[in-house]
Amino acid sequence: MKQPLVIFGTGDIAELASFYFDRDSPYEVAAFTVDGEYVKEPNFQGRPVVAFEEAARTFAPEQHAFFAALSYSKLNEVRKTKYLAGKALGYRVASYVSSRATVLNDHRIGEHAFILEDNTLQPFCSIGDNVTLWSGNHIGHHSRISDHCFLASHIVVSGGVEVGESSFIGVNVTIRDHVKVGARCVLGAGALVLADCEPEGVYSPLATERSRVPSTRLRRL
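Structure representation (structure tokens):
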């Protein structure tokens, strides 16, 4: 029998989390919860929505697990706060690690993880608590992803890299081997990181500019 799960959130990530937990985990979503002021509808995805202030009375922590399905807002602080709040109520926090991920690091994965399909975790890497790895990333050998980080998709973290707490890494970022990324860094989409990053640094490559030649004048298209 699957363990009932309470998910914090009623947005897109909560909808996705419900999909993954229901279909590919030992959990089954029993309810959703948000702060009372944000309860707009009584149901979401066919399950009840309860105020977080009432969640523990309605869905007992002794019988339910908890997962905060939230994004990287405020450098992951919102997700961190709700994850810890769920623990403080006595819930055991759930993790989702896709059966379609390649996990070769002896499951050195902290609690409250959200690791989607096609991630590769090489031997001897480690993942901290409350880390999200969206689809299709490479986490190299002997690398460390610290607590409360959010990695988007198709990121290459080479061997021996250290990513500091609460950092955000955007799509298609490449980090060379043995680089240290400081805490609360933001690496923008497509960044090529070849040297250490200072804490709270923002590293963003230039966007592709529009050509002055219109598409109708391209000869081979």
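Each step along the sequence shown adds one to the number in this note's numbering, with nothing skipped, and position 11 is 338.
A virtual CB, placed ideally from N, CA and C, is assigned to each residue, including glycine.
Using a Cβ-Cβ distance cut-off of 8 angstroms, determine whether residue i contacts chain C.
{"i": "Ser453", "result": "Looking for chain C here will not work: only one protein chain is present."}
Could you tell me which of the options sits nearest to residue i, measuring between CA atoms?
{"i": "Leu521", "options": "Val377, Phe451, Phe379 and Arg503", "result": "Arg503"}
{"i": "Asp456", "options": "Gly467, Glu438 and Gln449", "result": "Glu438"}
{"i": "Ala357", "options": "Asp351, Ser345 and Lys367", "result": "Ser345"}
{"i": "Leu443", "options": "Ala510, Gly491, Leu343 and Phe386", "result": "Leu343"}
{"i": "Thr337", "options": "His391, Pro353, Thr360 and Arg435", "result": "Thr360"}
{"i": "Gly491", "options": "Asp362, Pro375 and Val506", "result": "Val506"}
Just verifying my parser: in three-state terms, what is the DSSP assignment at residue i?
{"i": "Ala382", "result": "helix"}
{"i": "Leu482", "result": "According to the sequence displayed, residue 482 carries Ile and not Leu. Three-state result, Ile482: coil."}
{"i": "Val506", "result": "coil"}
{"i": "Thr549", "result": "The chain is shown from 328 up to 548; residue 549 falls before or after that span and cannot be answered."}
{"i": "Thr535", "result": "coil"}
{"i": "Leu416", "result": "coil"}
{"i": "Ala428", "result": "coil"}
Let's test the definition: count the other Cβ atoms within 10 Å of the Cβ of residue i and tell me whether it reaches 16, buried, or not, exposed.
{"i": "Lys409", "result": "buried"}
{"i": "Arg384", "result": "exposed"}
{"i": "Asn370", "result": "exposed"}
{"i": "Phe477", "result": "buried"}
{"i": "Asp293", "result": "Only positions 328 to 548 of the chain appear in this structure, which leaves residue 293 out of reach."}
{"i": "Ser538", "result": "exposed"}
{"i": "Phe379", "result": "buried"}
{"i": "Val500", "result": "buried"}
{"i": "Leu519", "result": "exposed"}
{"i": "Leu514", "result": "buried"}
Which same chain residues end up closer than 6 angstroms to residue i when comparing Cβ atoms and leaving out the 5 residues on each side of it in sequence?
{"i": "Ser480", "result": "Trp461, Ser462, Gly463 and Val498"}
{"i": "Asp445", "result": "Ser462 and Gly463"}
Please return the same chain residues whose Cβ sits closer than 7 angstroms to the Cβ of residue i, not counting the five positions on each side in sequence.
{"i": "Gly413", "result": "Phe335, Phe393, Ala395 and Val420"}
{"i": "His468", "result": "Gln449, Pro450, Phe451, Cys452 and Gly486"}
At least three beta-carbon pairs within less than 8 angstroms, the segment 425-432 to the segment 388-402
Here the segment 425-432 does not lie against the segment 388-402, with fewer than 3 beta-carbon pairs under 8 angstroms apart.
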